[in-house]
Structures are given as C-alpha cells and as structure tokens.
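Just so we're on the same page, my numbering is the position in the sequence shown counted from 1, plus 49. Right, one structure below, let's go through it.
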Amino acid sequence: MKLVHFYLFGKSCWGALQDDGETLQLLEGNPFDGQLTPIDRTLSLESVRLLPASSRPSKIVCIGSNYRLHCEEMGKPVPAVPILFMKPPSALVAHGEAIRLPPELGRVDFEGELAVIIGRRARNLSRDAVAEHVLGYSILNDVSARELQRSDGQFTRAKGFDTFCPLGPWIATDLDPHDLELVTTHDGVVKQRSRTSDMVFPVFDLVAFISRHMTLEPGDVISTGTPSGVSAIAPGDEVSITIEGIGTLSNTVVPQ
Ligand code: MG
Numbered sequence: 050m051k052l053v054h055f056y057l058f059g060k061s062c063w064g065a066l067q068d069d070g071e072t073l074q075l076l077e078g079n080p081f082d083g084q085l086t087p088i089d090r091t092l093s094l095e096s097v098r099l100l101p102a103s104s105r106p107s108k109i110v111c112i113g114s115n116y117r118l119h120c121e122e123m124g125k126p127v128p129a130v131p132i133l134f135m136k137p138p139s140a141l142v143a144h145g146e147a148i149r150l151p152p153e154l155g156r157v158d159f160e161g162e163l164a165v166i167i168g169r170r171a172r173n174l175s176r177d178a179v180a181e182h183v184l185g186y187s188i189l190n191d192v193s194a195r196e197l198q199r200s201d202g203q204f205t206r207a208k209g210f211d212t213f214c215p216l217g218p219w220i221a222t223d224l225d226p227h228d229l230e231l232v233t234t235h236d237g238v239v240k241q242r243s244r245t246s247d248m249v250f251p252v253f254d255l256v257a258f259i260s261r262h263m264t265l266e267p268g269d270v271i272s273t274g275t276p277s278g279v280s281a282i283a284p285g286d287e288v289s290i291t292i293e294g295i296g297t298l299s300n301t302v303v304p305q
C-alpha cells in the first residue's frame with residue numbers, strides 16, 4: 050500500500066493511493082498509533098497538497114558514507130561501523146515544495162536516499178525483529194552544504210537548514226528494501242544510479258544498529274545514505290529521486 054500524508058480542510062490527513070495512481074482513498078486515524086480505517090470518500094491525488102511522508106518525527110537519523118563509490122568520490126574511507134548523524138524535523142518539506150538556499154552558503158549538494166519510516170517503538174532490536182517495527186519506505190533528499198560540513202567537522206549546521214530535508218512523495222508499505230534501484234536526475238540529467246544492494250550496511254542492519262543506541266519512536270525517519278553522483282544545486286534547478294517500488298520525490302530550488 051502507498052500511504053499518502055496530505056493537508057485537507059486545515060488538518061493533516063492520510064490516504065491510500067489506489068492502483069490507478071491518481072485516486073486517494075481517505076483513511077481515518079494515524080498510521081503511527083496503529084489505527085487507520087478506510088472511510089467512504091475518495092479524492093484525486095492532484096487536488097491535495099502533500100505533506101512530508103511522516104508525522105512529527107522525534108528525530109531523523111541519517112547514515113553517512115554507506116555506499117563505497119560515494120566514499121570514494123568524497124575521499125573518505127569505507128567505515129567499519131555505521132556513521133550516524135541527525136537532521137532536525139524542522140528541515141522537512143514535502144514532494145513539490147521548494148528547497149530554499151540561504152545566500153552565500155557556497156556549494157550545496159543533493160543526496161538521493163532511501164528512507165525508513167518507523168511504525169512501532171523500537172529499542173535493542175535484533176535484525177529479525179526490524180520488519181515488524183517498520184511502517185514502510187520513502188525517499189529523502191539529504192541536502193548538504195559542503196563547505197560548512199567540512200569547516201564545522203559536524204553535520205548539524207550543514208544539513209539542518211529549513212527545507213534541507215525533502216521527504217516523500219509517500220510511504221510504500223510491504224516492500225523489501227534491500228535491492229531497489231535508485232535514480233536521481235538533476236534538471237532531467239541522470240546523476241545517481243545505484244541499487245540499495247550496494248549499501249555497505251544493509252537497511253535492516255542499520256535499523257537494528259541504531260535501535261541499540263537510541264529508542265526509535267513511531268514516525269521517526271532513518272535515511273540510509275547516498276550513492277555516488279552527488280552534485281551542486283542552484284536556484285532554478287529541479288532534483289528528482291526515483292526509487293523502485295516507491296515513486297519519485299521532486300523538488301525545485303529557489304533562493305531563500
Ligand atoms: Mg546523506
């Protein structure tokens with residue numbers, strides 16, 4: 050199922066995208082409290098304003114250097130254990146919303162990534178217990194200001210600006226995340242093409258690893274790292290990330 054988070058009549062709602070890819074079956078409730086009931090109403094996807102594909106995550110945990118070729122292009126070693134950092138939930142924007150570039154920030158890159166959306170509180174998980182704690186998968190653009198990333202030595206400022214975390218267009222449930230094609234286009238030109246099977250640390254290992262360090266709450270987001278091919282964005286550009294079985298996350302870039 051594809052779970053769509055959107056804005057309707059002043060509140061956030063959830064719907065299930067139907068097989069035609071255009072119709073939303075409205076759902077009552079919230080996927081993060083385990084209660085979603087179909088109600089007798091449909092809407093066209095085109096008529097609603099999408100919201101980021103989670104709801105008030107307590108945290109967005111990201112993985113650095115999780116594809117060998119990306120480590121190579123960044124001149125970094127392949128890590129022996131997953132490298133974790135976080136983006137603030139205030140950076141989230143939806144599919145179709147603009148990435149706003151503050152002035153004089155230097156080089157800012159897109160990073161196309163598979164995102165895990167947590168469905169049930171998770172702590173000290175074994176790898177085998179991960180699937181039942183995951184609601185589904187989405188697409189995240191880990192927008193990164195490279196010069197700040199290097200000069201700060203910490204990622205919080207470089208990756209934490211408002212709008213630097215597009216997430217969407219929706220959540221795909223019932224998906225095996227371990228061998229999906231990921232393609233990023235920049236103004237229509239393919240810049241990243243990889244498979245999630247190229248990850249240094251596979252998705253379920255990452256979720257289990259993180260849950261041994263911090264409790265994961267329903268709605269929390271884990272972004273699993275980017276493949277090679279990252280490149281700089283500027284106002285007027287459009288970045289689209291497509292992941293097999295999920296869909297396409299597209300965002301334009303504007304000046305702040
Ligand atoms: Mg990243």
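We put the beta carbon where it would ideally sit given N, CA and C, even for glycine.
Does the distance between the C-beta of residue i and the nearest non-hydrogen atom of the ligand MG fall short of 7 angstroms?
{"i": "glycine 278", "result": "no"}
{"i": "cysteine 111", "result": "yes"}
{"i": "glutamate 162", "result": "yes"}
{"i": "aspartate 191", "result": "yes"}
{"i": "threonine 233", "result": "no"}
{"i": "glycine 274", "result": "yes"}
Using C-beta distances below 8 angstroms, list every residue in its chain close to residue i, excluding the 5 sequence neighbours before and after it, in chain order.
{"i": "threonine 264", "result": "Arg170, Ala171, Arg172"}
{"i": "aspartate 201", "result": "Ala207"}
{"i": "proline 304", "result": "Arg149, Leu150, Pro152, Pro284"}
{"i": "leucine 73", "result": "Val53, Phe55, Gly64, Ala65, Leu66, Gln67, Thr91, Leu92, Ser93, Leu94, Val97"}
{"i": "glutamine 198", "result": "Phe204, Ala207, Lys208"}
Suppose the cutoff is 7 angstroms on Cβ atoms and the five residues either side in sequence are ignored; what does the same chain contact list for residue i look like?
{"i": "glutamate 196", "result": "Gly155, Arg156"}
{"i": "aspartate 236", "result": "Asp286, Glu287"}
{"i": "glycine 59", "result": "none"}
{"i": "glycine 185", "result": "Leu52, Ile166, Ile220, Ala221, Thr222, Leu224"}
{"i": "proline 106", "result": "Pro138, Gly268, Asp269, Val270"}
{"i": "valine 179", "result": "Phe253, Val256, Ala257"}
{"i": "leucine 141", "result": "Pro101, Cys214, Leu216"}
{"i": "cysteine 62", "result": "Phe55, Leu75"}
Under 8 angstroms by Cβ, that's how I've got residue i and residue j pegged, so tell me the actual separation to the nearest angstrom.
{"i": "leucine 75", "j": "arginine 90", "result": "4 angstroms"}
{"i": "serine 280", "j": "lysine 240", "result": "6 angstroms"}
{"i": "proline 131", "j": "phenylalanine 258", "result": "5 angstroms"}
{"i": "serine 187", "j": "alanine 283", "result": "That pair is no contact at about 26 angstroms."}
{"i": "threonine 297", "j": "aspartate 191", "result": "Contact doesn't hold; Cβ gap of about 17 angstroms is too wide."}
{"i": "threonine 301", "j": "alanine 147", "result": "5 angstroms"}
{"i": "histidine 262", "j": "serine 246", "result": "Not quite, the Cβ-Cβ distance comes to about 25 angstroms (not below 8 angstroms), so this is no contact."}
{"i": "glycine 294", "j": "leucine 189", "result": "Going by Cβ atoms, the distance from glycine 294 to leucine 189 rounds to 15 angstroms, so no, they are not a contact pair."}
So, for residue i: in the same chain, excluding its five sequence neighbours on each side, which residues have a beta-carbon less than 6 angstroms away from its beta-carbon?
{"i": "glutamate 122", "result": "Ser277"}
{"i": "alanine 194", "result": "Leu154, Val157, Ala207"}
{"i": "leucine 118", "result": "Ser277"}
Legend entry - Complete runs of the beta strand (DSSP E) confined to the stretch 137-215 [at least 3 residues]: 148-150, 161-167, 183-190
Legend entry - Length at least 4, wholly inside the stretch 56-134: the alpha helix (DSSP H) runs in chain order: 117-123
Inset, instruction - Give, in chain order, every unbroken run of the beta strand (DSSP E) that is at least 3 residues long and sits entirely within the stretch 228-278. - result: 230-235, 238-244, 270-272
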